[in-house]
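Going by full-length UniProt numbering, the sequence shown opens with residue 1, and the numbers climb by one from there. Glycine included, every Cβ here is placed at the ideal spot set by N, Cα and C. What follows is a set of notes on a single structure, which appears directly below.
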Amino acid sequence: MRQHAHPFSSHPISSAWVASSNTALAPTTPIPPSALCRAYSSSASSVKAAEPPASPVFAVAGVTEATPADDDPHSCMTPKAVVELLDRYIIGQDDAKRAVAVAYRNRWRRKRVPASIRDDIVPKNILLIGPTGCGKTEIARRLAKLANSPFVKVEATKFTEVGYHGRDVDTIIRDLLEAAIGLVRQRLRRQHEAALRAVVEERLLRALHSQEQLGAAGQPAVVEALREKLRKGELEDVYIEVDLTPPPGARGGGGAGGPGIIDLGGFGMGSPQTPVVINLTNLGGKKDVRTLKVREARPLLEDLEAERMFPPEQLIKEAIAATEQDGIVFIDEIDKIVSGGRGPGSWRSGDPSSEGVQRDLLPIIEGSVVSTKHGNVSTDHILFICAGAFHSVKPSDLMAELQGRLPIRVELRPLSRADFLRILTEPEYNLIRQQKVLLSSEGVDLEFSPGALDEVTRVAEELNRSLDNIGARRLHAVLERVVEEISFDAPELVARAREQAGAEGQQAQAGTAAGAGTTPVAEAQSSAAAVSSGGTAEGAQQAGAAGSGAGPDSPAAAPGRVKVVIDRAHVERTLSALLQKQDLTRYIL
């Protein structure tokens, strides 16, 4: 049941959440605030949010005139810093990065203004316009990780108008709240990890040693001996009997909507009324006693003790506050619910997934109260980022009311061949690095010559021009075809290299290796290069020459490993046949 709220009174949230802003939901290991302030200009592998100063876990307090602490790590995350961080993962699209960076900074600014005006400052929702594969989704996803905020990505075409069978738009907010619950739970478990492990360790010790024996003489020595073995991992396969009965009001092991939870809200038709949730776990007061190995019981006990340490009602209160103040919703393919166009990409007028969905989105984006099984959630301060290609329709074909709720419009440009080359090499976890890491796990040191990269980008650009333009996603298809043969033959290449290395080692021990003309590594490299360059001796020499000029970043393969150099000739040989058969290319690339 949705209700409008103008104005919506501030939801009471914990003092820890107010002081820490977005940092309370960091999904990664926390680092000191000073380190986060330097993160955007350092070479750190990822940005991790800092935890707030020590404070009661659930000291509930209303929002006051007080501003956040001066050591708030997000004070260093200026729009320029956010753009520089996004540059590490996304190539180009500077206008879109600037828009989301300002929106992110405005959230931090809002928390520092007096409470009398705070509720009147609403986020400026964004409409990203650009072809598929140009970075719209990635920008929103990286922003959510950077902000450590509840985030959901939905497709507008998956929803139907209220009154029709299917999902209604209110489920967006319910999914966002579930994401917030998971993030808050992770944060609290990190904050109290030491205490949680200590409690679980004591429970495991009690299970390993009966109460009667613990009361006997020499108890401390026995317990300490068990504790030492437990910490060393010597008792992981010992079977113990543990009581896994959940505390009253807990999730029952299944989380929201998990086993034993029945949600009767809505019955799958239209807009649900007040949800009815029936918890059937532990019905009748029976205990859940199981016999498990120590390694199997530990994670279950950690989950159970976490439920005891963090009361569900207080955890939900934290999660609702996080959703309302820091939630981010990314609605993709919003152009597909526009009926103003007549092209194949637009929906027919009267379609339940068309303008009716636009009307249902209006109150949520503008600000309303959505009823969930955990409580009411206000959408007044949730940031909405909508995106669409708008090939067959124009942004002006959106309902006028919806256009007004997306005041910031950013047009993303199509990617060029130069952008493709940067995408392959510059981002922190670029596609080339991913392929190298995957094959390195099997003993193959993969290298790409500059000519190979140039040919990959040329083919990707040509395919986007002659077929459907899918942007950077074309690089995935092309690159997979290029490395397919090497990836398939990798185990045999490595096995052959190790056999040769073993044989040469035996010859060296016997004193017969003095006249050997080549080393096992050189032979393995030559064989692998031949595979990557067409399987000929001439191709092996070309690949070896390409690899020799790669510099210090491309050292010779270690004994027992194979170095494979992919050059332009290999790329041309792999893709030439497909490029000549356009009908086949349409399905494969």
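Enclosing beta strand (DSSP E) for Ser470 [first to last residue]: For the sequence presented, residue 470 should be read as Ile rather than Ser. From DSSP, Ile470 is part of no beta strand (DSSP E); its letter is neither H nor E.
Where Ser14 falls: helix, strand or coil (DSSP): In this prediction, Ser14 has a pLDDT of 34, which is less than 50 and means its spatial position is unreliable; what the coordinates show is noted afterwards. In the structure shown, Ser14 sits in a strand (DSSP, three-state: E or B).
Residue environment, Gly404, which counts as buried when at least 16 other CB atoms sit within 10 Å: exposed
Closest by C-alpha distance to Val223, when choosing among Pro395, Arg206 and Ala389: Arg206
Sub-8 Å separation of Arg189 and Leu196 beta-carbons: yes
Backbone CA spacing between Glu228 and Leu85 [nearest angstrom]: 44 Å
Exposed unless 16 or more other CB atoms sit within 10 angstroms - verdict on Ala577: exposed
Cβ distance (whole Å) where Leu204 is taken to contact Arg409 below 8 Å: Not confirmed; about 57 Å, so no contact.
Distance between Cys76 and Glu51 (C-alpha atoms, nearest Å): Low confidence applies here, because Glu51 scores a pLDDT of 41, under 50, leaving its location unreliable; read the following figure in that light. Those two C-alpha atoms are separated by around 15 Å.
Pro123 burial status per 10 Å Cβ neighbour count (16 or more: buried): buried
Cβ neighbour criterion (16 or more within 10 Å) applied to Leu467: exposed
Cβ shell of Arg568 (< 6 Å), same chain only, five flanking positions each side left out: Gly451, Ala452 and Glu455
Residues of its chain near residue 669, where Cβ-Cβ distance is below 7 Å and the 5 sequence neighbours each way are ignored: With the chain covering only 1 through 589, there is no way to say anything about residue 669.
Beta-carbon contacts of Pro247 that lie in its chain and below 7 Å, excluding the five residues immediately before and after: Glu307 and Arg308
For Asp168 and Gly233, the rounded distance between their alpha carbons: 50 Å
CA nearest to the CA of Ile181, picked from Lys373, Gln435 and Gly367: Lys373
Cβ-Cβ separation, Asp332 to Gly288 (assumed contact under 8 Å), whole Å: Checking the displayed sequence, the identity of residue 288 turns out to be Asp instead of Gly. No, Asp288 and Asp332 are not in contact; Cβ-Cβ is about 42 Å, not under 8 Å.
Asp243 (DSSP reduced to helix, strand or coil): strand
Length-filtered (4 minimum) alpha helix (DSSP H) runs lying within the stretch 107-149: 115-118 and 136-147
Cβ neighbour criterion (16 or more within 10 Å) applied to Pro491: exposed
Per-residue burial, Arg231 [other beta carbons within 10 Å of its own, 16 or more giving buried]: exposed
DSSP state of Glu447 mapped onto helix, strand, coil: strand
Rounded C-alpha distance that separates Lys136 from Lys394: 17 Å
Secondary structure of Asp335, DSSP reduced to three states: helix
Alpha helix (DSSP H) runs contained entirely in the stretch 345-398, provided each spans 4 or more residues: 355-366
Stretch pair the stretch 293-313 + the stretch 352-371: three plus CB contacts closer than 8 Å: no
Glu155, enclosing alpha helix (DSSP H) - first and last residue: Where Glu155 is concerned, there is no enclosing alpha helix (DSSP H), although the beta strand (DSSP E) it sits in stretches over Phe151 to Glu155.
Cβ-based burial, Gly502 [other Cβ within 10 Å; buried from 16]: exposed
Continuous alpha helix (DSSP H) stretch holding Val184: start and end: Asp170 to Gln191
Span separating the alpha-carbon of Leu235 from that of Glu202: 14 Å
At least three beta-carbon pairs within less than 8 Å, the stretch 412-427 to the stretch 84-99: yes
Where Leu235 sits in the DSSP three-state scheme: coil
Whole-number beta carbon distance between Val564 and residue 592, since they are thought to touch under 8 Å: Since the first residue shown for the chain is 1 and the last is 589, residue 592 is missing from the structure and cannot be characterised.
CB contact flag (Gly356, Glu161, <8 Å): yes
Distance CB(Leu183)-CB(Ala322) smaller than 8 Å: yes
Contact under 8 Å by Cβ, Val102 with Pro131: no
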